[in-house]
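Residue numbers (the numbering used here): 141 to 482.
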Amino acid sequence: MKRYIIDAENFCIEKQEDGSIFVKASNDTLQAPVRIKRDYLASYLDPPIPPGYQYLKGDPLTGFVIQSLDGDLEFTWVPVLALKKYGYLFDSYKIGTSSIFGIFPNRIIEPQNKPFHCDWERLYPFGDYNPYNVKILPFEEQIASVSKFGGFYISTYHIYVELIDENTKGTNWKMLKPCKRRYFSKKGLWPTIYDGNNLDVLQHMVRSLNAQNECEEISYHLPFMSEHDFMLKWISKTNNMEAAIYEDSSKIGNYSGKLLKTGTKKQYCINNIYDITGNLPEWTYEVFAHRDIWDRYYVESEYILRGGGYNEKGNIYPAACKRFSQPGLNEGVARVAMHIKV
Numbered sequence: 141m142k143r144y145i146i147d148a149e150n151f152c153i154e155k156q157e158d159g160s161i162f163v164k165a166s167n168d169t170l171q172a173p174v175r176i177k178r179d180y181l182a183s184y185l186d187p188p189i190p191p192g193y194q195y196l197k198g199d200p201l202t203g204f205v206i207q208s209l210d211g212d213l214e215f216t217w218v219p220v221l222a223l224k225k226y227g228y229l230f231d232s233y234k235i236g237t238s239s240i241f242g243i244f245p246n247r248i249i250e251p252q253n254k255p256f257h258c259d260w261e262r263l264y265p266f267g268d269y270n271p272y273n274v275k276i277l278p279f280e281e282q283i284a285s286v287s288k289f290g291g292f293y294i295s296t297y298h299i300y301v302e303l304i305d306e307n308t309k310g311t312n313w314k315m316l317k318p319c320k321r322r323y324f325s326k327k328g329l330w331p332t333i334y335d336g337n338n339l340d341v342l343q344h345m346v347r348s349l350n351a352q353n354e355c356e357e358i359s360y361h362l363p364f365m366s367e368h369d370f371m372l373k374w375i376s377k378t379n380n381m382e383a384a385i386y387e388d389s390s391k392i393g394n395y396s397g398k399l400l401k402t403g404t405k406k407q408y409c410i411n412n413i414y415d416i417t418g419n420l421p422e423w424t425y426e427v428f429a430h431r432d433i434w435d436r437y438y439v440e441s442e443y444i445l446r447g448g449g450y451n452e453k454g455n456i457y458p459a460a461c462k463r464f465s466q467p468g469l470n471e472g473v474a475r476v477a478m479h480i481k482v
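See the structure below:
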């Protein structure tokens with residue numbers, strides 16, 4: 141007979157749907173939950189907490205949240221291997237098939253924003269690959285990470301960027317220091333908006349965030365198509381909201397006609413992720429190309445907008461819809477995913 145010692149002044153015991161036992165410490169000080177581990181528990185039920193972060197709240201199956209020690213960033217765990225039927229991670233990524241990590245047949249391609257081409261040209265979604273470079277190293281590295289840990293982290297809120305001017309009043313222009321940037325994934329902030337006319341700033345944001353990161357074991361990136369698709373599938377399956385994700389998102393996102401700060405309304409929080417649609421659509425990384433009659437490919441866009449905005453309709457722009465980046469026509473916000481090195 142095994143005995144378990146729980147080192148916590150106060151705790152509560154919850155029984156999960158799979159029969160496992162989850163023990164949460166409820167001390168006043170913030171600390172990781174205390175779990176009884178059993179051999180049959182998959183890795184996705186034991187999310188890694190990387191250096192520089194601490195447990196904040198939630199359960200691995202329905203929204204395990206970690207917070208940076210400075211309180212600026214919050215990330216939510218997406219348990220990929222909890223839905224093994226949909227997460228084929230091991231050497232099964234094939235272009236043109238649906239049996240791959242993150243691609244689902246009922247995802248929506250927004251028709252109103254397709255660029256005009258001749259009738260004989262067809263558009264092809266290449267997802268996290270492209271027609272010229274079949275393997276993209278960062279995506280392959282993320283597959284390895286998800287395979288080991290059973291899931292990945294995505295920012296709980298849309299990213300807000302604060303510019304900090306350290307120059308004193310009257311500073312000589314030759315002595316001016318460039319503004320520092322501070323990044324937040326936090327409740328109650330206006331999300332930083334990126335216009336489709338200048339999407340290079342998205343990668344600049346990611347590079348700057350990684351430069352600010354002091355931990356070599358983790359890095360951040362704009363979500364791959366696979367990560368965004370799987371986040372939606374996980375939310376859909378655990379909350380029985382297929383229709384709300386893929387058909388009409390009016391009740392789960394801000395389509396009120398007025399922009400809100402991050403995390404303003406609790407009803408727009410699902411599995412401890414806020415504003416998956418509505419408020420403003422979000423940029424993801426996905427390659428779209430068109431092919432002509434001579435089998436030549438032309439990349440149309442590497443950035444895709446997902447979800448709807450506050451001034452749109454949830455039945456036309458649900459959470460799963462996607463649109464091309466078109467200069468001067470689209471604007472969106474950003475969420476970032478975390479890569480934990482293996």
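Note that the Cβ used here is the ideal one computed from N, Cα and C, for glycine as well.
Extent of the continuous beta strand (DSSP E) run through residue i
i: Ile189; result: Segment: none, Ile189 is in no beta strand (DSSP E) and carries neither H nor E.
i: Trp374; result: No beta strand (DSSP E) contains Trp374, which is instead part of the alpha helix (DSSP H) from Met365 to Asn379.
i: His361; result: Ile358 to His361
i: Arg463; result: Lys462 to Phe464
i: Asp293; result: Looking at the sequence shown, residue 293 is not Asp but Tyr. Phe292 to Ser295 is the span of the beta strand (DSSP E), which, as asked, contains Tyr293.
Residues near residue i by beta carbon distance below 8 Å, same chain, minus five either side
i: Leu209; result: Gly192, Tyr193 and Gln194
i: Ser359; result: Asn350, Asn353, Met478, His479 and Lys481
i: Ile333; result: Leu420, Glu471, Gly472 and Val473
i: Asp388; result: Gly454, Asn455 and Pro458
Bridge-paired residues (DSSP) for residue i
i: Glu452; result: DSSP output for Glu452 lists no bridge partner at all.
i: Ile410; result: Ile413
i: Tyr443; result: Tyr425
i: Val476; result: Partner(s): none; Val476 has no beta bridge.
i: Val205; result: Lys197 and Thr216
i: Leu303; result: Arg321
i: Gly403; result: For Gly403, which the question treats as bridged, DSSP gives no partner whatsoever.
i: Tyr334; result: Gly472
i: Asn394; result: Gly418
Separation of residue j from residue i, as counted between CA atoms
i: Gln207; j: Pro458; result: 29 Å
i: Asn353; j: Ile433; result: 47 Å
i: Asp199; j: Arg431; result: 45 Å
i: Asn380; j: Pro421; result: 22 Å
i: Glu357; j: Ala284; result: 14 Å
i: Ser325; j: Glu281; result: 24 Å
i: Ser183; j: Arg436; result: 43 Å
i: Thr202; j: Asn412; result: 7 Å
i: Gly397; j: Val482; result: 44 Å
i: His368; j: Glu426; result: 10 Å
i: Ser376; j: Asp186; result: 22 Å
i: Thr424; j: Val346; result: 12 Å
i: Phe464; j: Tyr443; result: 7 Å
i: Ser366; j: Phe279; result: 9 Å
i: Leu223; j: Asp268; result: 20 Å
i: Lys405; j: Trp374; result: 21 Å
i: Glu440; j: Leu372; result: 24 Å
i: Gln407; j: Val218; result: 19 Å
i: Arg446; j: Phe370; result: 13 Å
Delimiting residues of the alpha helix (DSSP H) encompassing residue i
i: His344; result: Asp340 to Gln352
i: Tyr386; result: Glu382 to Tyr386
Same chain, Cβ closer than 7 Å to residue i, neighbours up to 5 away in sequence not counted
i: Tyr438; result: Ala429 and His430
i: Asp335; result: Glu471
i: Arg475; result: Ile294, Ser295, His298, Ile299, Pro363 and Glu422
i: Tyr395; result: Gly418, Gly448, Tyr450, Glu452, Lys453 and Gly454
i: Ile456; result: none
i: Lys401; result: Gly328, Leu329 and Trp330
i: Val341; result: Tyr334
Check: residue i C-beta below 8 Å from any heavy atom of the ligand NAD
i: Gly448; result: In the structure on display, the ligand NAD does not appear, and there are no ligands present to speak of.
Proximal residues to residue i (C-beta, below 6 Å), its chain only, five neighbours per side dropped
i: Ile392; result: Ala384
i: Asp231; result: For Asp231, the pLDDT reaches just 32, beneath the cut-off of 50, and the residue's location in the model is therefore unreliable, although a value from the coordinates is still provided. Same-chain partners within the cutoff: there are none.
i: Leu399; result: Tyr450
i: Glu382; result: Ser376
i: Lys288; result: Val482
Beta carbon proximity, residue i to chain B, threshold 9 Å
i: Ile392; result: In the structure shown, chain B does not exist; there is a single protein chain.
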